[in-house]
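Using mature numbering (1 follows the signal peptide of the UniProt record, and there is no 0), the letters of the sequence shown map in sequence onto residues -26 to -1, 1 to 323.
Structure, as structure tokens:
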Amino acid sequence: MAKSPMDTLQLSYIQIAIAFLLFAQAKSTTEHTSTPQPNDTNTACIASERSALLAFRAGLSDPANLLSSWKGDDCCGWKGVYCSNRTGHVVKLDLQGSGYTIDSDSRKVLAGNISSSLLGLQHLRYLDLSFNEFDKMQIPEFIGSLHKLRYLDLSMSMFIGRIPPQLGNLSNLQYLDLRSSYQDRDIHDGTYSTDIMWLSRLTSLEHLDMTYVDLSAIVHWLPVVNMLPTLKFLFLTSCQLRTSPESLQLSNLTSLETLFLVGNQFHQRSTPNWFWDLTSLKYLDISYNGFYGPFPDEIGNMTSMVELHLSANSLVGMMPSNMKNLCNLEVLYSYTSNINGSITELLHR
């Protein structure tokens, strides 16, 4: 029976919810492993770093008084500022806003300019400026000089323009979130990149999210991603990618567990395709990509799979019998595909 528009819309919301749950889970895991512990009450604030923080604050607009605690000599006690118990250096700056809340009156965000005074925090390992409103500002190139960063989240903060390749200098990064606030396909209303070779230098990266970043000018994106051997989570949703290679001659993505390629413009046969060879995958979403052709037999080899999203493509044919090998599979979405055969055996294995 054909899906009604309402059914399709509801399933789309479910997919978005699942994506955010996976993102939260991945973020929580990364924070647990790389976040410095809160500062000790006896930690002394380093004067030069306090000055750098105050200069940074001076460039911001703070209508909700999020930084009202930023006064006095003890910068290690300021909201969002964490210092090393051992050295006293500022190692974490967590200034995530609450943009995109349903109630606009409850939104608490920072705006204004991001000052290069942050370069005074050369021991910074964690920087989160997500969900703020740096409206029509480009991501500052100088962030690429904070060489000790392991965690960088600039997502959903209304940045525009080219993503600076200087971010490739952050060789210690494990977590990078550059999700764009703009779903508009006008390149001037969001972030974009015409060359992502800088990513290849982030060889410790485990989590990469470039959702809604315009990558339409990039053809050979996969060889660059393949240079990230520690990558576990990859989100390239609605990036206007147009090519999905049939295979990787030598895959380095043996640690990849989560892959979201939703809403790109591949419009090619579903098989052969490089991601069917990633047997480490637990979560795969290739919905809304224009894939067509037979339901891939290769799925039966992906024995780690927990969630598989194939919806809004043009897959046809019989569901492969080897799907009974997917003993960990909990969720399968394949609506709008013309697939024959019963899934009873799969569900009651």
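In this text, a Cβ means the ideal position worked out from N, Cα and C, and glycines have one as well.
Distance CB(residue i)-CB(residue j) smaller than 8 Å
i, j, result
"H121", "L144", "yes"
"P138", "G118", "yes"
"D251", "S278", "no"
"N287", "N302", "no"
"V290", "P270", "no"
"Y149", "H97", "no"
"V198", "L208", "no"
"F30", "L92", "yes"
"L179", "L196", "no"
Neighbour-count burial assignment, residue i, 16 or more Cβ in a 10 Å radius
i, result
"M132", "buried"
"A26", "buried"
"P246", "exposed"
"Q223", "exposed"
"T168", "exposed"
"K110", "exposed"
"T61", "exposed"
"S42", "exposed"
"residue 324", "Outside the displayed range of the chain (-26 to 323) lies residue 324, so it cannot be described from this structure."
"T185", "buried"
"K53", "exposed"
"N238", "buried"
"G33", "exposed"
C-alpha distance - residue i paired with residue j, whole-angstrom precision
i, j, result
"N59", "H194", "45 Å"
"E304", "M276", "13 Å"
"M293", "F105", "42 Å"
"L215", "S35", "36 Å"
"F116", "S90", "7 Å"
"N299", "T232", "19 Å"
"V83", "E220", "43 Å"
"F240", "L176", "26 Å"
"Y309", "S285", "5 Å"
"L306", "L282", "5 Å"
"V65", "C213", "32 Å"
"D68", "L230", "27 Å"
"V55", "E23", "11 Å"
"W248", "S218", "7 Å"
"I134", "Y156", "9 Å"
"A191", "F108", "25 Å"
"G274", "R99", "41 Å"
"L40", "G51", "14 Å"
"V187", "C49", "35 Å"
"E272", "D183", "26 Å"
"A174", "K256", "It should be noted that the sequence gives Ser, not Ala, for residue 174. One C-alpha to the other measures close to 24 Å."
"S261", "V280", "16 Å"
"A18", "C57", "9 Å"
Rounded Cβ spacing between residue i and residue j (contact assumed at less than 8 Å)
i, j, result
"I113", "L128", "6 Å"
"V236", "T253", "Rounded, the Cβ-Cβ distance is 21 Å, inconsistent with contact."
"L227", "L205", "6 Å"
"L123", "N146", "6 Å"
"Y266", "S295", "Between S295 and Y266 the Cβ distance is about 22 Å, and since that is not below 8 Å, they are no contact."
Min CB distance residue i to chain C below 8 Å
i, result
"L120", "Of the chains in the structure shown, none is chain C; there is only one protein chain."
**Length-filtered (3 minimum) beta strand (DSSP E) runs lying within the stretch 129 to 169** = 133 to 136, 149 to 151
**Request:** Note down, one range per segment and in chain order, each alpha helix (DSSP H) of at least 4 residues found wholly within the stretch 16 to 94.
**Result:** 21 to 32
**Request:** Jot down the residue ranges of each uninterrupted beta strand (DSSP E) in the stretch 253 to 299, minimum 3 residues, whole runs only, in chain order.
**Result:** Counting only runs that start and end inside the stretch 253 to 299, the beta strand (DSSP E) elements of at least 3 residues fall at 257 to 259, 266 to 268, 281 to 283, 288 to 292.
**Message:** Please give the ranges of any alpha helix (DSSP H) in the stretch 185 to 224, keeping only runs that are unbroken, at least 4 residues long and fully inside the region.
**Reply:** 196 to 199
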